[in-house]
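Numbering (my numbering), first residue to last: 382 to 579.
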């Protein structure tokens with residue numbers, strides 16, 4: 382794949398989180414090339430990008446094996462002038478149309494049968510044109526678009542936003558914003574999200 386001369390790439394080095402990261406920062410058990418996180422995410426992004434979803438375009442993946450463990454990196458095309466939803470909300474409220482676009486972007490992902498393992502306010506990017514992009518498909522999986530896991534995905538995002546409200550003074554998120562996100566989502570999946578507690 383050849384990039385335009387002014388294309389910027391993002392290199393993501395896979396790292397562990399939580400307590401395990403204290404003793405093992407970036408090594409994973411070797412289970413074969415096809416099952417490596419980097420190649421799985423690259424394949425997922427290639428499929429979603431080709432289908433026209435608002436995700437980063439993959440460029441390359443690298444796996445470095447050492448004995449029974451492996452470390453990995455993924456390169457994607459940077460989304461120009463974009464920042465995480467959470468970062469935007471630290472400074473100002475977003476237009477209703479952006480929340481609506483968030484709902485539509487998530488619904489498009491779900492309609493494609495993709496469960497996002499970590500749908501949170503940092504993994505949604507908003508660019509300078511107010512376009513919405515979804516990132517971090519490290520542990521994403523393909524599933525039939527069942528109502529339960531889709532609602533669980535949305536509930537995870539809502540918990541993320543509520544946590545920011547609780548710990549960040551002046552975080553600009555209101556119930557009306559969530560309702561607009563739901564409205565965008567309903568344009569793809571016409572169902573009663575309120576009945577599901579969302």
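All C-beta atoms, glycine included, are put in the ideal place defined by N, C-alpha and C.
Range covered by the alpha helix (DSSP H) that runs through residue i
{"i": "residue 442", "result": "Looking at the DSSP string, residue 442 is not in any alpha helix (DSSP H); the run it does join, the beta strand (DSSP E), is 439-447."}
{"i": "residue 429", "result": "418-431"}
{"i": "residue 394", "result": "Premise fails: residue 394 lies in the beta strand (DSSP E), 390-394, not in any alpha helix (DSSP H)."}
{"i": "residue 546", "result": "528-548"}
Cβ-based burial, residue i [other Cβ within 10 Å; buried from 16]
{"i": "residue 422", "result": "buried"}
{"i": "residue 484", "result": "buried"}
{"i": "residue 462", "result": "exposed"}
{"i": "residue 473", "result": "exposed"}
{"i": "residue 561", "result": "buried"}
{"i": "residue 435", "result": "buried"}
{"i": "residue 467", "result": "buried"}
{"i": "residue 565", "result": "buried"}
{"i": "residue 479", "result": "buried"}
{"i": "residue 442", "result": "buried"}
Euclidean distance between Cα positions of residue i and residue j
{"i": "residue 588", "j": "residue 520", "result": "Shown here, the chain extends from 382 to 579; a query on residue 588 therefore has no answer."}
{"i": "residue 552", "j": "residue 563", "result": "20 Å"}
{"i": "residue 368", "j": "residue 490", "result": "With the chain covering only 382 through 579, there is no way to say anything about residue 368."}
{"i": "residue 528", "j": "residue 538", "result": "16 Å"}
{"i": "residue 548", "j": "residue 522", "result": "31 Å"}
Span of the beta strand (DSSP E) around residue i
{"i": "residue 414", "result": "Residue 414 -> no beta strand (DSSP E), and no H or E assigned at all."}
Requested in this report: Evaluate the contact criterion for the stretch 533-543 versus the stretch 495-506: three or more CB pairs, one atom per stretch, below 8 Å.
Outcome: A contact exists between the stretch 533-543 and the stretch 495-506.
Query raised in the report: Using 8 Å as the threshold, is the stretch 411-421 in touch with the stretch 445-462, meaning 3 or more CB pairs across them?
Result: yes
Query raised in the report: Where are the beta strand (DSSP E) runs, 3 residues long or more, that stay fully inside the stretch 481-524, in chain order?
Result: The stretch 481-524 contains these whole beta strand (DSSP E) runs: 505-508 and 513-515.
Query raised in the report: Within the chosen definition, does the stretch 440-447 reach the stretch 500-518 through at least 3 CB pairs nearer than 8 Å?
Result: no
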